[in-house]
Every structure is written in structure tokens, then in C-alpha cells.
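Taken in order, these protein sequences are the chains called H and G. Going by numbering that gives the first Met the number 0, the first residue of the first sequence is number 0, and it counts up by one from there. Going by numbering that gives the first Met the number 0, the first residue of the second sequence is number 0, and it counts up by one from there. Just so it is clear, CB atoms sit at the ideal spot from N, CA and C, and this is done for glycine as well. Notes follow the structure.
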Amino acid sequence: MREVRLMKGNEAIAEAAIRCGVDGYFGYPITPQSEVMETLMDLKPWETTGMEVLQAESEVASINMLYGGAGCGKKVMTSSSSPGISLMQEGLSYLAGAELPCVVVNVVRGGPGLGTIQPSQSDYFQSVRGGGHGDYNTIVLAPSSVQEMSDFVELAFDLAFKYRNPAIILSDGMIGQMMEKVEMKPFKKRWTNEEIEKYCPWATTGKKKDRERNIITSVELDSQVFESFNHKLVAKYRKMEEEEVRFESFQCEDADYIIVAYGSSARICQKSIDILRSKGIKAGLLRPITLFPFPKAELNSIADRVKGMLSVEMSTGQMVEDVRLAVEGKVKVEHFGRVGGMVHSPEEVVEALEQKIIGG
Amino acid sequence: MSIDINEIKKAENLVYKKSSVLTDKVMHYCPGCSHGAVNRIMAEVIEELDLQEETIGVTPVGCSVLLYNYIDIDWQEAAHGRAPALATAIKRLRPDKYVVTYQGDGDLAAIGTAETIHACNRGENIIMIFINNGIYGMTGGQMAPTTLEGMKSSTSPFGRDVARDGNPLNMTQIVASLPGTSYVTRQSVHTAAAARKMKRSLKKAFENQKNNKGTSFIEVVSTCSSGWKMTPAQSNKWMVENMFPSYPLGDLKDE
Ligand SMILES: Cc1ncc(C[n+]2csc(CCOP(=O)(O)OP(=O)(O)O)c2C)c(N)n1
Ligand code: SF4
Chain H
0 MREVRLMKGN
10 EAIAEAAIRC
20 GVDGYFGYPI
30 TPQSEVMETL
40 MDLKPWETTG
50 MEVLQAESEV
60 ASINMLYGGA
70 GCGKKVMTSS
80 SSPGISLMQE
90 GLSYLAGAEL
100 PCVVVNVVRG
110 GPGLGTIQPS
120 QSDYFQSVRG
130 GGHGDYNTIV
140 LAPSSVQEMS
150 DFVELAFDLA
160 FKYRNPAIIL
170 SDGMIGQMME
180 KVEMKPFKKR
190 WTNEEIEKYC
200 PWATTGKKKD
210 RERNIITSVE
220 LDSQVFESFN
230 HKLVAKYRKM
240 EEEEVRFESF
250 QCEDADYIIV
260 AYGSSARICQ
270 KSIDILRSKG
280 IKAGLLRPIT
290 LFPFPKAELN
300 SIADRVKGML
310 SVEMSTGQMV
320 EDVRLAVEGK
330 VKVEHFGRVG
340 GMVHSPEEVV
350 EALEQKIIGG
Chain G
0 MSIDINEIKK
10 AENLVYKKSS
20 VLTDKVMHYC
30 PGCSHGAVNR
40 IMAEVIEELD
50 LQEETIGVTP
60 VGCSVLLYNY
70 IDIDWQEAAH
80 GRAPALATAI
90 KRLRPDKYVV
100 TYQGDGDLAA
110 IGTAETIHAC
120 NRGENIIMIF
130 INNGIYGMTG
140 GQMAPTTLEG
150 MKSSTSPFGR
160 DVARDGNPLN
170 MTQIVASLPG
180 TSYVTRQSVH
190 TAAAARKMKR
200 SLKKAFENQK
210 NNKGTSFIEV
220 VSTCSSGWKM
230 TPAQSNKWMV
240 ENMFPSYPLG
250 DLKDE
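Right, dumping it as C-alpha cells:
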């Protein structure tokens with residue numbers, strides 16, 4: 000039987016985590032995502048699925064708790080918002096370097112600095128360019144509904160374990176706080192320790208007589224060895240680019256103009272497309288679902304048949320650079336977006352497309 | 000009377016043997032460094048308690064970062080200062096395993112202060128080994144939180160000036176005051192007798208973990224001959240004369 004519930008995006012994350020068999024959540028309060036841990040504490044999953052929930056002393060501690068748990072082959076996650084995610088960057092680099100799977104949810108608020116608690120998409124670069132030190136990438140999923148907040152938790156874990164790499168759910172204060180209907184997934188059992196030994200032979204589960212000791216580490220002092228390791232990581236990221244690109248397109252088939260937008264901005268732009276179409280302007284929306292890997296090939300092929308593209312994001316212009324790189328100069332690409340916690344209206348987007356692309 | 004080499008090799012004349020939990024890798028520590036002795040004691044204890052399959056260790060960033068090369072158990076290498084955070088999650092998600100962290104004074108008492116205090120305060124059921132050599136060994140002998148007043152380092156070349164550099168931090172005393180710790184002790188490994196006592200402490204800490212007693216915290220007052228710019232023998236003497244008065248050996252807490 001379908002189980003449909005009305006819930007906030009942040010609550011959906013918590014519910015989905017329990018249902019998809021997460022072993023541990025470690026977090027630190029910050030607006031606008033505190034409901035994730037509050038919901039988990041309310042639901043007491045340690046009494047049902049056995050999931051561990053711990054309020055850590057900081058985001059630095061949370062991300063390093065993820066490292067410890069992930070190193071044991073456990074499904075571990077944290078959630079935070081922009082300033083807290085900044086604190087996690089060293090840890091994320093270590094997780095990527097040690098090839099550990101984990102899920103980090105960023106319910107983005109406007110920055111820089113303490114900034115605002117209102118929604119923003121200004122952490123795009125930090126998410127898709129690695130964020131911490133060194134050559135690495137994280138898988139980045141961008142939900143645009145509460146349903147996707149729920150669905151992407153499991154998807155993020157699947158991808159994280161498939162590639163042994165951190166996965167980020169890049170949401171924002173709007174999706175985190177708004178309430179929508181969600182179709183709940185059925186409960187999945189957590190992996191047993193025996194299953195972990197089978198699926199994650201690399202994990203620290205206690206050295207067995209029949210195997211070498213497992214070492215979770217990111218240090219390699221021999222530069223030649225470390226160069227090959229870096230190449231191995233890059234090969235993994237290229238494979239993600241070949242196999243894991245996800246996007247959704249609305250009315251792109253006959254479009255003359257394309258709006259590229261993700262997350263809550265894509266929701267607004269869907270309305271803009273309706274307005275533009277009612278005015279006789281053939282516009283379409285391309286919504287990247289994975290921000291890394293980015294739908295480069297799709298955008299490049301769309302560029303062959305359209306007159307221009309507008310990247311609409313709640314930032315001063317970050318994803319627009321990836322759109323430009325993807326289309327290789329074939330068409331004009333401009334940026335539009337409100338920032339600092341302000342959210343653009345569908346009409347503002349229409350006006351921007353008319354001025355910057357159609358008239359420009 | 001001279002003893003024949005074959006006589007020495009006889010099983011009944013064996014007085015010391017390498018622990019089977021120690022690997023054959025040559026240790027990279029400087030001569031006279033305490034790290035090697037503590038590593039060996041860890042291996043012996045794990046062997047004697049038959050916990051090789053049951054123990055997960057966490058190494059720090061510092062001279063002992065590659066400790067996982069020497070002791071044949073599963074290991075995780077933490078970011079600088081974060082070993083207690085890793086250990087917290089490991090133990091909570093694998094309560095059936097024994098979890099041991101190993102950290103230097105820069106790692107545990109400077110950059111990782113918050114993780115140390117909060118893990119101890121929550122009473123995480125883990126063992127924390129704290130190598131206090133009063134200096135940053137790995138990075139070339141800079142001042143540590145535990146550097147003594149007047150002690151020279153590359154960032155306190157005229158000696159630690161308390162007015163400017165602040166006071167030496169007695170982390171072990173702090174964690175002893177926290178309700179989450181059950182066993183807090185200060186040991187050393189500079190003599191055979193001291194090493195034996197250290198070994199007993201570590202065994203007790205494993206016993207505590209088995210009995211869910213919360214955090215066991217073992218400081219090992221240590222030498223860093225390279226950082227101190229002394230010979231191994233001078234280092235031991237200097238440690239006894241200068242470190243022990245500030246960091247006196249013995250149990251601070253045993254509940
Ligand atoms: C975030 C970060 N800051 C600084 C360093 C550089 N660093 C490496 S080891 C170390 C201090 C080591 O001293 P200690 O913990 O006392 O261990 P020892 O080497 O003396 O055993 C520092 C500062 C680092 N690796 N990471
Ligand atoms: S630098 Fe000091 S702490 Fe590091 S190995 Fe040498 S003696 Fe030991």
C-alpha cells in the first residue's frame with residue numbers, strides 16, 4: 000500500500016535515512032536544517048532499526064565521525080548548512096582520499112560568512128569543485144522537491160558505495176523548510192556485519208586470519224605511488240561522468256531558448272517557462288539533477304539547435320560557468336539570479352531571458 | 000664462562016621474543032624515541048589478550064602516522080586531531096570491537112582539544128593513548144601545548160615564555176576531571192620497569208573497555224631525541240629531571 004505523508008524537506012531526509020537502512024547520523028545544529036537531527040531524535044531509530052544518532056561537538060567532529068563509521072563499511076551521514084559544510088571540507092578531502100562512502104546533506108543558506116538563514120545556491124562551486132584541498136570530486140545530487148529529498152538519500156548512498164566516494168545532497172533552505180506530499184519508501188534492513196564484510200572487503204571490521212590487515216588512510220609519501228593513486232581517482236570521476244549523469248528536461252525538444260536551473264530555482268523556472276510559452280516564446284528548462292557529474296553532453300547537443308541559454312541560480316553566477324564550458328561557445332549563455340537569501344520570481348526570470356538573451 | 004650461540008637459541012633460554020602482532024616492517028622512528036617502545040607494548044598486549052581480530056586502531060597525524068605499518072590489526076588513519084571523533088563512531092557502530100586511539104600532544108591537546116574533551120566527557124568506551132613528548136616531532140620540533148616553561152623549540156627558540164606563549168597544558172588532569180573517564184593514568188617507557196607498568200596499564204584499559212567502563216586515558220610521558228636535540232641517553236635523563244616534575248607519573252583516576 001502506498002504511504003503518502005505531508006512533510007518538510009528536512010523531515011523527509013530524516014525519515015528516508017531510517018528507512019533506507021542508514022547505520023549512523025552525526026550532526027551539529029544549524030538553521031535551516033536542524034529539523035533533520037530533531038526528527039531523528041524524535042523517532043528514536045536506535046530502538047527500531049538500530050541506527051545510531053549522535054549530536055557531535057562540531058561539524059569538524061561530525062565529518063570525522065563519518066570517516067570512522069564509513070571506514071567500518073557502515074552507512075553514515077550528516078547534514079548541515081553552509082558555514083558547517085565549510086568546516087567539514089578538510090574531512091571531506093580525507094574521505095575522498097581514503098575512498099570512503101558517506102552522504103552529506105547541505106541545506107544551503109546565503110553567504111559569505113554567517114550570512115543569512117534564508118535559502119541560497121551559493122555553495123555550488125564548493126560542492127562541485129571538491130571543496131577541500133587536493134584533486135578530488137564528490138557526487139552532487141540536487142533535489143528540487145520534498146519527494147526528491149526523500150528519494151535521493153538512498154540514491155546518494157547507492158552511488159557513494161558504488162564509487163567509494165562521498166556524495167552530497169545539495170539542497171537549500173527553501174526545499175528544506177517547505178512542506179509537500181511525499182510517497183514514503185518501504186523500510187530496508189541495515190546491512191549485518193557479515194554483509195558488510197562481503198560488500199566492503201576493504202573495511203576495518205577486525206583483521207581476520209585469512210586476510211591482510213585493512214588500513215583506511217589517505218597518506219602516501221612516495222610521490223610516484225601517489226601520482227598513480229591520483230590518476231586512479233580521476234578515472235573514477237571520469238567513469239561517473241560517463242555513467243551517472245542525471246537531468247530532467249521540460250519542453251526542450253522544440254525550444255529556441257533554454258533555461259538551466261537546479262533545485263528550488265528550477266521549480267520557479269518551470270513557471271517561467273509557462274509564462275514564456277503563453278507569450279509565444281519557445282523556451283525549455285534543463286534541470287541538472289547531478290551537479291557533479293554535470294550534464295555537459297546534453298547541454299552541448301542542445302546548444303546545436305537553440306539560440307541562447309540562461310543559467311538561473313540563487314548565486315552571483317557559479318553554475319553558469321559550467322554551462323558555458325559545456326556549450327563550448329556555440330551559443331550565448333548568461334546568468335540571472337537573486338542572491339543573499341532573496342529568491343527570484345518567475346516573472347523576473349522571464350524578464351531576464353527577454354533582456355539578456357532574446358533582446359541581448 | 001662463555002655461552003655457545005646454540006645454547007642461547009634454545010627455547011628454554013628464551014627471555015624475549017618479538018610479538019607476533021608486530022609486523023616485520025622496520026620502524027621509522029628516530030633512535031631513542033618513545034614511540035617505538037609504546038608501539039611494541041601495544042602489539043604485545045593485543046597478542047597476549049588475543050585481541051588481534053577484535054581491535055580497531057586509529058592513528059594520528061604526527062610521527063606515529065604510519066603506526067599501522069607496524070601492528071598487524073585493522074587501522075584507520077585520522078585527520079590531525081580527530082582520532083577521538085573517528086573512534087567515537089567506530090565504537091558506537093561496532094560495539095563488539097575494541098577501539099584504541101594513539102595521538103601525540105599536538106594532535107590530542109592542541110588541534111584536537113575539542114574532540115579529546117568531548118569524547119572523554121561523553122565517556123566513549125575507548126582507549127586513548129597520549130604520547131606527550133612536549134614538542135611537535137613530525138613537523139620539526141615546534142612548540143607544543145605541553146612544552147615546558149623555558150623549554151626550547153624551533154618556535155620558542157629562547158625557551159617557552161609563559162607570558163607570551165601561555166602555560167603548558169595539562170590535558171591529562173583535565174580529562175581526569177571529566178565524569179566520562181574511568182581510568183586516567185600517566186606512564187612512561189624509559190626503563191624496563193616503567194615499560195612493564197605501562198603494559199599493565201594498557202591491559203587494564205582493555206579490561207575496562209570489555210566491561211563498558213567508559214574512556215581509559217593513558218598519557219605516556221615521552222622523549223623526542225631529535226626534537227629535543229639530545230642523544231637517547233640524554234633525553235631519558237632530561238625527561239626524568241624536567242618532564243616528570245610537571246607531568247608526574249601514576250594514576251590520576253581509577254574507578
Ligand atoms: C590541519 C593540519 N595542520 C597542521 C598539520 C601539520 N602537522 C603534522 S604533525 C603536526 C604535529 C605533530 O606533533 P604531535 O602531535 O605532538 O606528534 P609527534 O610528531 O610529536 O609524535 C602538525 C602540526 C597537519 N598535518 N594538518
Ligand atoms: S622526531 Fe621525535 S617523536 Fe618523531 S620519531 Fe623522531 S624522536 Fe620520535
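Pairing residue 199/H with residue 164/G, the inter-Cα distance amounts to about 47 Å. Distances from the CA of residue 74/H to each of 289/H, 163/H, 56/H, 219/H were compared; the closest alpha carbon is that of 163/H.
Taking 8 Å as the cut-off, the beta carbon of residue 20/H is found no closer than this to the beta carbon of residue 197/H. Here residue 4/H carries a strand assignment [DSSP, helix/strand/coil]. Contact residues of the region 99-120 of chain G toward chain H are 113, 114, 117 (C-beta to C-beta distance below 7 Å).
The DSSP assignment places 246-249, 256-259, 282-287, 289-291, 307-311 as complete runs of the beta strand (DSSP E) inside the region 238-324 of chain H, in order along the chain (cut-off: 3 residues). Around the C-beta of residue 150/H, 16 or more other C-beta atoms lie within 10 Å, and the residue is accordingly described as buried. The C-alpha of residue 170/G lies about 43 Å from the C-alpha of residue 340/H. Closer than 7 Å to some heavy atom of ligand 2: that describes the Cβ of residue 224/G. Boundaries of the alpha helix (DSSP H) harbouring residue 171/G: 170-175, taken from the DSSP string. Within chain H, the C-beta atoms nearer than 9 Å to that of residue 88/G come from 23, 25, 51, 53, 63, 64, 65, 66, 67, 68, 69, 70, 71, 73, 75, in chain order. Collapsing the DSSP output to three states places residue 71/H in coil.
For residue 143/G, the shortest separation between its Cβ and any heavy atom of ligand 1 lies below 7 Å. Counting C-beta pairs closer than 8 Å gives fewer than three between the region 44-56 of chain H and the region 122-142 of chain H, which falls short of the contact rule.
For residue 256/H and residue 74/G, the gap between their C-alpha atoms comes out near 54 Å. Non-local C-beta neighbours of residue 62/H in its own chain, meaning closer than 6 Å and more than five positions away in sequence, comprise 87, 90, ordered along the chain. Identification of chain H residues near residue 74/G by a Cβ-Cβ cut-off of 8 Å yields 203, 212, 213, 214, 215, 216, ordered along the chain. Segment contact: the region 207-220 of chain G against the region 128-135 of chain G, three or more CB-CB distances shorter than 8 Å; contact assigned. For residue 49/G, no chain H residue has a Cβ inside 8 Å of its Cβ, as the nearest lies near 12 Å away. By the Cβ neighbour-count rule, residue 232/G is exposed, with fewer than 16 other Cβ atoms within 10 Å of its own. Taking the Cα of residue 351/H as reference, the smallest distance to any Cα among 335/H, 342/H, 152/H is reached at 335/H. In this structure, residue 101/G has its beta carbon at no less than 7 Å from each heavy atom of ligand 2. Under the DSSP definition of a beta bridge, residue 79/H partners with 105/H. With a cutoff of 8 Å on beta-carbon distance, residue 124/G and residue 208/G are scored as near each other.
Judged by beta-carbon spacing, residue 225/G lies beyond the 8 Å limit of residue 105/G, meaning their Cβ atoms are not closer than that value. Taking residue 88/G as reference, the option from 64/H, 307/H, 27/H with the minimal CA-CA separation is 64/H. DSSP places residue 160/H in the uninterrupted alpha helix (DSSP H) bounded by 145-162. For the pair residue 108/H and residue 166/H, the Cα-to-Cα distance works out to about 19 Å. In this structure residue 40/G does not touch residue 56/G by the C-beta definition: roughly 13 Å separates them, more than the 8 Å allowed.
Counting every other CB atom within 10 Å of its CB across the protein chains shown gives residue 2/G a total below 16, marking it as exposed. At least one heavy atom of ligand 2 is found less than 7 Å from the C-beta of residue 28/G. Judged by beta-carbon spacing, residue 271/H lies within the 8 Å limit of residue 345/H, meaning their Cβ atoms are closer than that value.
Remark: the C-beta of residue 242/G is outside contact range of ligand 2, defined as less than 7 Å to any heavy atom. Residue contact with chain G for residue 207/H: present (Cβ-Cβ distance below 8 Å to some residue of chain G).
Proximity of the region 166-181 of chain H to the region 137-150 of chain H meets the contact definition, three or more beta-carbon pairs being nearer than 8 Å. Taking 7 Å as the cut-off, one finds no heavy atom of ligand 2 near enough to the beta carbon of residue 189/G.
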